[in-house]
Each structure stands twice: as C-alpha cells, then as structure tokens.
Amino acid sequence: MANLDTALKDAMTIDGAIGAALVDYTSGMTLGVAGGTPEIDLTVAAAGNTDVVRAKMRTIEMLKLNDEIEDMLITLGGQYHIIRPLNGPNGKGLFLYLMLSKARSNLALARHQLRTIEEQLEL
Numbered sequence: 001m002a003n004l005d006t007a008l009k010d011a012m013t014i015d016g017a018i019g020a021a022l023v024d025y026t027s028g029m030t031l032g033v034a035g036g037t038p039e040i041d042l043t044v045a046a047a048g049n050t051d052v053v054r055a056k057m058r059t060i061e062m063l064k065l066n067d068e069i070e071d072m073l074i075t076l077g078g079q080y081h082i083i084r085p086l087n088g089p090n091g092k093g094l095f096l097y098l099m100l101s102k103a104r105s106n107l108a109l110a111r112h113q114l115r116t117i118e119e120q121l122e123l
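Residue numbering for the sequence shown follows UniProt numbering, starting at 1 and increasing by one per position.
Dropping the structure here:
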C-alpha cells in the first residue's frame, strides 16, 4: 500500500507526466500535488476540474445509472488530462488528476498505471 506522497511520486514516473494531484471534489481542495510547470498552476487546474467531476456525477444521478466513473479524459492540443475518481471506501469524494504531454506519453499505458496507483493508494 502506498501513501499519498508515494502515489503522487509514482504518478510522476508515468511517461509524459507533467503533474499529478489528489483532489477533494466536494470542496475543491487539492490534498496533494507533484510536478507542474511555471506556466501551469497545478493546484488551480486540479481544483478547476472539480466542476467537471461534479457535473458528470450529477448527470449519472439524474439518469439513474447504476454505474460509476472509471476515468475521464480531456484532450488538449498538446496535453492529456486524466481524472480518475477514487471508488474505494476511503476515497469517496476524491479523484486523482494526471496531466500528460501528448508527445511523450502513451495514453493506454498511463491509464493502466494510474489505475494501479489508485489500487495501491492508502488514505
């Protein structure tokens, strides 16, 4: 089992990783951050994505879907942003956020590695 710091460090070893964060989407608070760039405030980016997660959670609820989000992908011109809500009992209301360079990453492998990190995360 990995703690938060270890999980974020592991996320930063994913090919193309620019930054990673653990975010509480109920409050918008970022609980931990690794990486980022001078041009991109990862805390602001991660907190801003709480609106995306909340909107999708509301939509699933309104549609009365008996399902949960595995992950969400936002594709920009030069980046991938992966949002992975934690579905374990201790992760309710939290999501992992990973920002990747499109040119240096393998999306399928990154999703697999992020899933593994989630499974090992102990909160």
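Just so it is clear, CB atoms sit at the ideal spot from N, CA and C, and this is done for glycine as well.
With contacts defined by Cβ atoms closer than 7 Å, residue 20 and residue 98 form a contacting pair. By the Cβ neighbour-count rule, residue 50 is buried, with 16 or more other Cβ atoms within 10 Å of its own.
When the Cα atoms are used, residue 11 and residue 63 turn out to be separated by approximately 33 Å.
Taking the Cα positions, residue 92 is about 21 Å away from residue 112.
When C-alpha distances from residue 102 are compared across 6, 9, 5 and 17, the shortest belongs to 17. Here the alpha carbon of residue 41 sits roughly 32 Å from the alpha carbon of residue 67. Comparing alpha-carbon positions, the option among 48, 77, 109 and 107 lying closest to residue 23 turns out to be 48. If one requires a minimum length of 4 residues, the alpha helix (DSSP H) runs lying completely within the stretch 29-89 are 42-48 and 50-62, in chain order. Per DSSP, reduced to three states, the secondary structure at residue 18 is strand. Residue 37 and residue 65 have their C-alpha atoms spaced approximately 38 Å apart. For residue 96, the enclosing beta strand (DSSP E) has its first and last residue at 94-101.
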